[in-house]
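Colleague: What follows is a structure written as structure tokens; I'll ask about it next.
Numbering (the working numbering), first residue to last: 430 to 634.
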């Protein structure tokens, strides 16, 4: 009688939508970054990595904890064509509509003064990441559409800019928000409330 062959465990299905950022990051590592992430140039306090291994290099414009290098993500002290992967989680909010400097949203999130400022920073960062990534290197770009006086489809613009600056859009994940979002009930609602963000997986051509 021949021995029973062990049953192979089927790999877990990777989906494009989740309410867990850690789960999405694990999926991205599984599919696109098997050696983990090399750099996070907007590291902040590292909350992004509570469920996955931290990147080899960590930097921020204004470091908040020890072990994080001070650097501008649009002008990094890194050699060209030297990294395999980058994770980028920039601010997504802009404007002062319905807010003050002491507003709770301002305390939780860094804000751009205008949408034009956001666009410049995103594009300059994409150019810099293309410079330092190796060919076929991976950029994970987290972004979110935002409504100030009107809705901006930021994730569509990120796709267009990435293609323009030499990236191929290899994958897209959608992160659903857990719980409620802060809002001002006195304001008249004209657009659907955004309860999700996007994680683009971009490959350097």
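Ideal Cβ positions, reconstructed from N, Cα and C, are used throughout, including at glycine.
Provide the residue span of the alpha helix (DSSP H) that contains residue 451, from first to last.
Modeller: Residue 451 -> alpha helix (DSSP H) spans 450–460.
Colleague: Can you grab the Cα-Cα spacing for the pair residue 455 / residue 464, in whole Å?
Modeller: 12 Å
Colleague: Sorted by chain position, which residues of the same chain lie with C-beta nearer than 7 Å to residue 574's C-beta, five sequence neighbours on each side aside?
Modeller: These residues qualify, in order along the chain: 580, 581, 582, 583, 584, 623.
Colleague: Would you call residue 547 buried or exposed, if buried means 16 or more other Cβ atoms sit within 10 Å of its Cβ?
Modeller: Burial state of residue 547 is buried, judged by a 10 Å Cβ sphere holding 16 or more other Cβ atoms.
Colleague: Please state the DSSP three-state secondary structure of residue 560.
Modeller: helix
Colleague: Residue 547 by DSSP, collapsed to three states: which one?
Modeller: helix
Colleague: Taking the beta carbon of residue 615 as the centre, do at least 16 other beta carbons fall within 10 Å, making it buried, or is it exposed?
Modeller: exposed
Colleague: Sort 480, 626, 632, 445 by Cα distance to residue 561 and report the nearest one.
Modeller: 632
Colleague: Taking 8 Å as the cut-off, decide whether the C-beta atoms of residue 484 and residue 469 are in contact.
Modeller: Yes; because the gap between Cβ atoms is below 8 Å, this pair is in contact.
Colleague: Specify, as a first and last residue, the run of the alpha helix (DSSP H) that residue 587 falls within.
Modeller: 583–593
Colleague: Quick one: measure Cβ to Cβ for residue 445 and residue 601, integer angstroms, because I've assumed they're closer than 8 Å.
Modeller: 7 Å
Colleague: How about residue 599 and residue 461: are their beta carbons less than 8 Å apart?
Modeller: Yes.
Colleague: Compute the Euclidean distance between the alpha carbons of residue 554 and residue 518, then round it to the nearest angstrom.
Modeller: When rounded, the distance between both Cα atoms is 11 Å.
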